[in-house]
Every structure is written in C-alpha cells, then in structure tokens.
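Residue numbers for the sequence shown follow our numbering, so the first one is 411 and each next one is one higher. Backbone N, C-alpha and C fix where the C-beta goes; we use that ideal spot for every residue, glycine too.
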Amino acid sequence: MKKILNLLKDNKAFQALLNKQNIVVNSQNAEALLIASAFLTLKKDMLIIKSNQYEANLLYKQVSQMIDDVLYFPVDESYRIESLAASGELLGQRLSTMYELSKEKPHLLISHGHSVMRYVPSKDVFKKNCMTLKVGDHIDVYDLQRFLIQAGYMHTTRVDQPFYFSKRGGVIDVFSMQYDHPIRIDFFDDEIDYLKFFDEKTQRTIEKVNEIEIIPATDLLYLDQEVGLVITKIKDSFEEQYQKMDDLFKDDFEEKIMIDIENLKAHATDSSQYAYYHLFKSVTSIKDYLKDPVTILCQKEDIDFQIKNYLSENFYYYQELSQSGRFLKDNQLYQNFDHIVQDDYQCINTFSTSKDDQVFVSHDVMFNRDDEKRVIQQINDYLKNSQILISLENKHQLQLMIELFDRHEMKYTLVGIDEVIYPGINLYVGNLSTGIELMEEKTVILTAHELFGEVNVSKAKYFRFKDAKTLRNFQELNVGDYVVHDSYGIGQYLGIKTLDVKGYHKDYLYVAYAGDDTLYIPVEQFKMIRKYASSDGKVPMIHALGSSKWAKAKQRAKNKIDDIADQLIELYAARMSSPGFSFSKDNELQIDFENQFGYELTKDQQRSVDEIKMDMEKPQPMDRLLCGDVGFGKTEVALRGAFKAILDHKQVAFLCPTTILSMQHFKTATERFKNFPVEIALLNRFTSSKEKKRILKEVKEGKIDLLIGTHRILSKDVQFSDLGLLVIDEEQRFGVKQKEKIKEYRETIDVLSLSATPIPRTLQMSLMGIRGLSKIDTPPKNRLPVQTYVVEKNDTLIKQVIERELARDGQVFYLYNHTDRIANVAYKIASTVPNAKVAIGHGQMDKNELEDVMLRFMNKEFNVLICTTIIETGIDIPNANTMIVEDADKFGLAQLYQIRGRVGRSERGAYAYLLYKKDKAIQDDALKRLKAIKEFTELGSGYKIAMRDLSIRGSGDILGGRQAGFIDDIGFEMYMKILQDAINVRMHKEEKTEENIKNLNVNVDGYIPDDYVESDYEKLELYQRLDEAKTMSELNSLKAEFDDYYGNLPEAIQALIEKRKLEILSHYSIIENIKDHGKKLEIIFSSNAFEIISGDKLFLLANQLFTKPAFKSLDNQVTITIQKNNQWLNHLNEFIETLSKK
C-alpha cells in the first residue's frame, strides 16, 4: 500500500477526502483503494457506512486485502428474519468487532445503515462482561459457570463450537470467539491450576498459557441494577395494551410478557429479548465505540432508501405482532440514523451532488486472458501510456509471470514492498485483490484476479463455526434407540447402569427385549451391539430372549448377503484380472501443465492427485472415487489425471449427468488446456448435426484427446480409437442402461468417479475396499459458509427473503417437491413479489424443456426458480445465493446438503431457509437431519454428511433396492458387518493380529462415575477409545488425553486403564490366558514359554512381586496361581512387562 500512497499523495480527490470533503468515484475498486489509503494516512478511527449488508461485506473483503485493523459490523436486515432465526455467524462477527473496538488503537469499521441503528451495550458494559483469568487466580467453579451463562454461553457436553462451554468436575472448557481455539480451565479446588488452548477436533491441548480473556457470547448485555426499572416500564406498557386488546389474544399475551420478564431477570439471551433492549440506559450505537471517528457515507441516497424500506417493512411486522399479543407496541428496535451520524459526515458517491465535489478519475481493468498472446498484447497496450504494477499472491505466481515475460523477451523489475514504482513493468508479491487503472497517475495495477482468474485470499476475519468433527459410532446412540445384539437380536437401548456384582462396580448397557425381558451387557462388550437402522426409518419388532426368530432372520439374511458378496467380488476380480494399461511416470509436459495452475494445491488435492496417479501407473484398471464438496477442486485433480492419460496417447471421456454440467466442464477444460496441444470436443444435445458428425469421425480416428459430454458419449456410434480413462461426474445420477455401460468400461479401462456427497452404496463400496477412495476436505479460498435457518413456514418471511435477494440482483431457488401443486406456488410468488420473474422446473417435464429452463435461469432471464429436487444435481449458478426449502423435514440429510450446496458458490453471503409447517409434529429422525444440516455450516462436510446419513436413516443400497427387505430384519449395521465379513473371506483378507486383542474376563472395580462423565454417549466413546488402543504407546497417549480433557482421573477409571494395559501386555507376551477365580488369579503360560524365558527367572520374578505364588505344570504348560491384594493389578502388569523385556 505504500506504493499506492506515494502515487496518490498529490491526487486532488484523495486530498479532498482527507479534508472531509465529498468525492465522486466510478467503482467500488476505487472506493476501497481510497478508503484504505485514507486510513493509513489519517491514522485515526474511521466509520464507513454502506447501504446494505451485501455492499458492506464486499467493501470489507476488498479493504481487508490491502490493510490491517479493518472491522465489520453486520446485522440481519429484517427483524422478522432475526426474530425467527437469528444468525450465529453475524452475532459472532459483531462480538469479535466489539471486542477489537475495546482496544485502544485506531480502527477502520465498515458497517451498513441498519447495523449503525442497532442498539448495542455500551463499551463500559461490554468490558464489564469480559473476564480475564490467570493461572493461580482463585474463583469458585460454579461462580465461573454462572458468569458464562449470564454472558450468553450455552452448556454442552463437548466444546467444539463458539458460544458453548462444558463442565467436567474441576475442568471448564469454553470457546471465546476472539480466539481460534477453545480454552480449557483446570482447577485445583478453587485455584486455577492450568490454562490451555485445545484443538476442538481432537480435544487435545495445543499450548499452555498464563492468562486468557473470555468475552461475551451475546450482544444483549445489561447491568443487574437496571432490570427492576425496565420490568416496571414493561408492566406499565403491558397494562395499557392489555386493556385495549381483543379478548382472544389476552391470555397468550400475558403469558408471553411474564415469560419475557423472567428471562430478563435471568439474563436470557434469546434474540426475542432484543425487543426490550431500548429500555436500558446502558445501550448505545456501535459508532460510540469509536473515538471521534471520520464518518463516511457511501452513496447516501442508497442508504436513505434502504433505511426507509427497512422502517416500512418492520412497521407492518410490529403491527402484526402487537395485534396478536406477541409484541409491546411501545418497543423500539432501532435508533434514529440521522441522530447517530448528525451532520458530522462526508460522502463518497458515484455521481456528483455539488460543483465542489472532487472526482477520482480511474477505470476498472478489463482484461482478456484467453491465451498468452492476448495477455502480452494487452500489457503492451497499457505500456504505451502507463507504468504497470503487477501484484501477485505468492512466489509461484511470480515465477509464472517471470517465465512469461522471459519467453517474450520483455523487460520487468522485481520490486520490494517499500520500493517506488519504476517505469515499465513492476512485479511484486503484494496484497491487492483487483486491478485498477489510475488515469491521473498513469499507472495500471494488475492482480492475480486479472491474470489467473482467481481472487486473492482475503485477510478479512470472518467469524465462522468450526468444522464439525465426524461423529463416532456411539455418539448417535441415544436412550430409546433400537439396537441389534449379535446373539439376541433387536432390543431397545435404555442407557448405561453401574451395577455392583460380587463386590465389583461395572458399567452395563441396559437393553429391553419383548415380554419385559432385560439384558445387561458389560460396556467393554459394546462391539456385540449395533444401532438399528432400516431402509426407510421404520420402527422394528423387538425380539424375545430365547426365541429362535433372530437366528432364523440372521441366517436368511446371510444367505442373501453371500450372493451380493459374490457379485461384488466378481466385479472386483474381473477388474483385477484384466490386462489394464500402465501409464508412464510424470514427464516435463505434465509438470509444466501442473505448474501453470496459478495456485498451490491444498494438501487434500495433492494427496488425491498422488493416489490417482499411483493407481494409473499400476497394470490393473483404476476404479477410484474422489469425494469433495462443490468448488473444492475435484475438476482440477481430474484434469491432471486426464492429461497424464493424453500424454500416453490415450483418449479421455468426461461423462456428465446434465447438458449444463457438460458445458461448464467443457469451458473449464478449454481454459485449462489452452497452452497445450490437447484437442477437446463437447457432445450433447446442443451439438449441431454437422459438428456431431465431425466429432464422431475424429474420436474414431484418435484426433480428439478429451471428449466431454452427457450420456450421449456412451452411445454405440461413439467409437474411441484408444480410450484410456473415463471420468464420471456424479455417477449416481445416471440411469440403469448407462450404469451397465459404465460397468463394462470398469473391467478394461481406468475409471475416476467424482462426487460431492456420494450415495451410501458408492461410499460403502469404497469403505469395503472394492473401490479406491480419495477425499478433499479443504474449502476454496474466500468462500463463506451458507447461513442456514430452520424455521416455521411464514409467507411474509418468504416474501422478504426473496425481495432481499432480488434487491442485490441475485437469484433464488425455491424448492417445492410436489409437482401437482408447484404451479400454484409459482403463481403465489409471482403475484406477491413485484420484481420476481418466476420459472418452474421439475422432473416430470420433458428433459430438453427442463434443461432449457435451467439454461435460461443460468443466463438470468429468470430470477426465481420454483423447482423440485432436480436442483440437487451439480448445477453451478454463482448468482443464485438464496435457497428456500419447503417441507425440509421430509428430505434425507445428504439430499438436504446437496440441495443447500446449490447456493454459496461465489464470494457473496448465501442463505438457506429450511421450512417446516407450523404446528407440525416432526419425527425424531427428521429433527436430527435438520439439526445436523444446521450444524454443518462449515464447508467440506459432504463426505461426513454421507457418513452421518448412513447412521440416521440407513440404506443398504449396494446393488439396488431389492435387498432392503431383509436388511430391515437385521438392521443396516448388522447387514454391513456380515457383508464385510463375507467379502473379507472371499478376498482372503485376514484381520491383523494386533486388532484381535481380546477382553480378559478379569474383575476390576472399574467404571466411569456419573459425576466425572455425565452423558451416556460420552461414556460409550471412552470405552470405545480404550478398546481401540492396541499398543502401550497408544494407551499411554490415550491416558494423557483423558488427563488433559477430564483433569485428574479417579481410581475407577484408572482401574479400567490398568485392565486394558493388562490385555495389551498379555497379548504380546508368553501368557496364553488369565482366569479370575474370585480371590485368586490363574496365569496360564503358552507351551513355548520356556523357549523364551528360563524357569529360574520366572520363579524369582513371581516370588518378588506376589505373595506365595503357586506353580503347576501340566502337559508342558505352566500355570501360576496368585492371591489378590490391593496392588494385584499393578503387580501383574509389572510382572508381564518385565517378562517381555527379558
């Protein structure tokens, strides 16, 4: 930015801006450049006000790219939306901003009209609700817990998201949103023993610190001494309104006000409490957090217009609420905008409002990068009148530009951050996001955006929820769920009970069966049970203990599963025995092609590329599934594989489920291969007859290297000269005939399937080793998560949501999955939303007619598409960023995720509204799906969603739906186990011996106390983690993790760990078995024990550690019987450990 400041120091418009005069700009690029430069020059607080949240967000991202200390303060632009479903992301952003503004240094705050009008707690009240903690401080654990609740934090069992805290004995975890990771506070009595940051995914400590600060998790903060006066005001307003109200609403109105008063007393932070916030004296505007700020209004007329609309919309909503007894009519939800800004502001407009306005003369850069010659020509054209500054994101891009100029023998200068700009071409690694032509300064600025078609990574600090951790097996097991036991069949899980059996405490899974039968299963035997899931979520019939029905159902299922396993193995064997083509190692052209990608691959992408290349270089045909969310770079990975095939003179077919997708892939491939001798063709229904004839001829002759198209490329008349690789996008979208053709290809050529959320069948085949699996989890740069709201259907809300998207020239998907009534919905939207250009799309339309509608929507001829789930397929329409789903509770989780993925494909903020009918009782599974989709706001969840969907609704669709009936008899998890076992037998796979560490039937007083771990699923996870420890190294690591997470371990848990240690040590030693006989233990040695250790050493060691051990030898096998005492378990572990060393 120093280079820009030097350029602008004599610019009249820039000087006018510094002197609080109005100026005129012709683009947002110019606006961002001037605002950033002014902040660096003035070195004082600045408040920038835009007309709406979208415009403010765009400016924030651009200015953040150029300078530091930029903050953003957004609010929902509709109180109706906020009151129904407040956005956690926006709240987090506001709180982070308020915290940063509490620090004593200059800030540049970007806001919009509505956000400036919002009531916020005063700076003093905000600071009072922050808490600083240091190691050695004394504070009561329960006082800290009360503080957190009052500050807006919600209690949970495991902290992996901001806004939450948990308590486990003397440990409190809390995620304060100014930090990247949550905090663990470990107490010794009432003294803070340790403060640690921990990883929210692994729950392991990252680093210990001496001091932390906890900031509020709500912006509804107030002082206790104010509450009484506010309640008095509420009661006065209530009495007046109550007397005039229709009797029909009086009871509900009184009940609501009484609940609200109790919530105010308790400092409840529900967004509905904001309605009373104006009554507190200690509230203010965000402007008051700044010290004598320079206030700039960007397009003041637009700001005034948006505020007028905001006030009008909310006025009618307040009336609606107050008439029905849901709102006090005296409540004020916003402050007067003119009163806040007063007359102390200046304007940046896009047109002149006075002859005194100074105009900043600049142009946005229009740059064509279709081919190298065109790029060089444009740069030479600019050089005729201007100097050029090229700001690149990284050294890789810098090297590409150096090579480009060297090839064309063009001079350039490499400049440092602080150097001036020299005549000619200047190259540097900088921080500008988009290009601009400064006319008075005769300077053209180019960035990676113009040269590589990508936007630089913004330094904007968005508050976002962390990526949810993939759920472990038992976290979905809740009390009341149906489970399947290997031996006893289907029962109902009723929780964990700690029982005292013969003086030993132990945890048991409590399962109910038919006829009041109950079964207590030791928790360490949890592998014996699985959660029941049917093909359609239906409730199963539970078995009676001792009945033969379960054994018969299991055998019947096994017979059918054997047939399925045979078919799967037949597919696998056919591929493995086929003489495939072994592709060559990478050559210089391959490396050159990969280097011309303007950005470094993420680790996930690189790993996937390596796995694909490794498969391609093998003599057997590849069959690999590549999972990755939309926009995560699957296509780039696939094109690298395609080029590898082309370089070995093989042809590549790229199969797409829709015409639109084929066109999008063709455009991407053409751009990517423009500098390489690759012939690409597109074959779909829009291909002319003449062009089609030419393509078919050249494909047959081998002149076309890469053929992209729909199922048309699977037709008989498409005859490849030498096909080497088939890439399939979203294979599950193809019909039976196409899949049969694909199946034929799989036996002879390499196949790469791409999928955002694979259907369970595809995923299962990969998980069982039938196919290779690669995953890309890393999100694309600058992509924001989709803000997801789960709300009751409300016509006014729908109207506002659509109008808000159309106001920013965006487009809306409205998903209504009933074709018989879809026209009525379209008519209703068209008649209630004035600017809506409505189109209809559904699966019963002619395929060509449907694709025409989608193309016209893509081309912005329509701005609202009322459609069925056809949009689930991977259409890429970056301008569509609002999704409304009616009856969302009826969709599967993977389906909801795919549907929501249609929006949020650009840098714009995207919204998904999942609607359910008012007063409708939603089934448990539907509630879980809606909750899960709301949780998975972070990008990169597609694979996890598919995994979660298996546990919520099951599937079993391995080779089609025909086997679903018998799956319901035994449950999906049991079906998968039997199938996996059958496949392992046929593939001659043996489980690794270290995985067969058996649970010894040795009694210890070991269990997990309720006051140590509250939830049953967390207890189950602990047992599962213990069972997964196969070596002493893993067990020690796990013990350290438990110590870290739970604090000091009680004796009962230490006993469980010692028992697992005994099982691990015994497995790897000369001990064959250990039998528990109450007060005595019998240690049985393997028959070859004395080949490893001498009898004398064994005798001496046993007598050192045990009291009067009894030795016995029978049939060349030695046993030792020992007496149990308080230390028997520790001594036995020491005995075996010492033996292993000798």
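Checklist entry - Which value, in whole angstroms, describes the spacing of the CA atoms of ASP1132 and ASP1058? => result If I take the Cα positions, the gap works out to 11 angstroms.
Pair within 8 angstroms by beta-carbon distance, GLU700 and LEU519
Here residue 700 turns out to be Leu, not Glu, going by the sequence shown. In this structure, LEU519 lies closer than 8 angstroms to LEU700 by Cβ.
Self-check item: Secondary structure of ILE831, DSSP reduced to three states
Solution: coil
What are the start and end residues of each continuous alpha helix (DSSP H) run of 4 or more residues lying completely inside the segment 444-516, in chain order?
-> 463-476, 489-494, 498-511, all fully within the segment 444-516.
- prompt: Cα-Cα, which of THR928, VAL637, LYS821 is closest to LEU955?
  reply: THR928
Point to revise | Limits of the unbroken beta strand (DSSP E) element including ASP852 | key: According to the sequence shown, residue 852 is Lys rather than Asp. From DSSP, LYS852 is part of no beta strand (DSSP E); its letter is neither H nor E.
- prompt: What are the residues that DSSP puts in a beta bridge with GLN1197?
  reply: As computed with DSSP, GLN1197 is found in a beta bridge with TYR1321.
*Close Cβ partners of LYS876 (< 7 angstroms) along its chain, the five nearest in sequence each way excluded*: Low local confidence applies: a pLDDT of 46 at LYS876 is under 50, so the model's placement there is unreliable, with the coordinate-based value given in what follows. Closer than 7 angstroms at Cβ, skipping near neighbours: ASP570, GLN571, GLU610, GLU1348.
May I ask whether a heavy atom of the ligand HEM can be found less than 7 angstroms away from the beta carbon of SER988?
This structure does not include the ligand HEM; it has no bound ligands of any sort.
Simplified DSSP state of GLN787, which is helix, strand or coil
helix
On the three-pair Cβ rule with 8 angstroms, is the segment 829-846 touching the segment 435-453?
yes
Work out the CA separation of ILE900 and LEU1466 for me, nearest whole Å. 29 angstroms
TODO: Tell me whether HIS1228 sits in a helix, a strand or coil according to DSSP, three-state version.
DONE: coil
ILE1546 lies in the alpha helix (DSSP H); which residues open and close that run? 1538-1551
Does the beta-carbon distance from ILE1287 to ILE1250 come in below 8 angstroms?
no
> In this structure, what does DSSP give as the bridge partners for HIS895?
Replying inline: GLY899, ILE939
| field | Residue(s) in a DSSP beta bridge with VAL434 | value | ASN759, VAL769
task: Write down the C-beta distance between MET1032 and LEU1183 rounded to the nearest angstrom, noting that I regard them as a contact closer than 8 angstroms.
output: That pair is no contact at about 12 angstroms.
Margin query: On the CB-based measure, 16 or more other CB atoms within 10 Å of its CB, does VAL911 come out buried or exposed?
Written below: exposed
Notebook entry, point to check: Would you call PRO989 buried or exposed, if buried means 16 or more other Cβ atoms sit within 10 Å of its Cβ?
Noted result: exposed
(request) Could you tell me whether the segment 719-727 touches the segment 554-562, where touching means 3 or more Cβ pairs closer than 8 angstroms? (result) Output reads no: the segment 554-562 does not touch the segment 719-727.
- Task: Count the other C-beta atoms from every protein chain shown that fall within 10 angstroms of the C-beta of GLU617, then say buried if there are 16 or more, exposed otherwise.
- Result: exposed
Practice item. Report yes or no: do three or more beta-carbon pairs, one from the segment 1290-1297 and one from the segment 1310-1327, lie closer than 8 angstroms? Key: Output reads yes: the segment 1310-1327 touches the segment 1290-1297.
CB-CB under 8 angstroms to SER762, same chain, minus the five flanking residues each way: which ones, in chain order? VAL434, VAL769
- Alpha carbon of PHE1086 to alpha carbon of PHE1130, nearest angstrom: 21 angstroms
Item to check | Under the three-state DSSP convention, the category ALA426 falls into | outcome: helix
Q: Enumerate in chain order the residues of its own chain whose CB-to-CB distance from HIS1075 is below 8 angstroms, with the five nearest sequence positions on each side excluded.
A: THR1045, PHE1064, CYS1066, ILE1118, ASP1139
Practice item. Ignore the nearest five residues each way along the sequence and tell me which others in PHE1003's own chain have a CB closer than 7 angstroms to its CB. Key: PHE1053, PHE1086
Alpha carbon to alpha carbon, how far is MET476 from LEU443? Give it in angstroms, no decimals.
-> 8 angstroms
Spatially closest choice to SER1018 from ALA448, THR1188, LEU543, ILE625, by CA coordinates: THR1188
Exercise for the section: Whole angstroms is fine: what's the gap from GLU1438's alpha carbon to ASN1543's? Expected result: 19 angstroms
Taking all protein chains shown into account, decide if GLY351 is buried (16 or more other Cβ within 10 angstroms of its Cβ) or exposed. No answer is possible for residue 351: it lies beyond the span of the chain, which begins at 411 and ends at 1552.
*Tell me which same chain residues have a C-beta within less than 6 angstroms of the C-beta of GLN613, skipping the five on either side of it?*
If you ignore the 5 residues before and after GLN613, its C-beta comes within less than 6 angstroms of the C-beta of TYR1455, all in its own chain and listed in chain order.
**Study point:** Nearest-angstrom beta carbon gap, LEU1475 and ILE1546 [assumed within contact, 8 angstroms]
**Key:** About 4 angstroms separates the Cβ atoms of ILE1546 and LEU1475, confirming a contact at the 8 angstroms cut-off.
Give the straight-line distance between the Cα atoms of LEU605 and LEU1035, rounded to the nearest whole angstrom.
Going by the C-alpha atoms only, they are around 43 angstroms apart.
Discussion item. Classify GLY1055: buried if its beta carbon has 16 or more other beta carbons within 10 angstroms, exposed otherwise.
Written reply: The sequence shown places Ala at residue 1055, not Gly. Here ALA1055 is buried, its C-beta having at least 16 other C-beta atoms within 10 Å.
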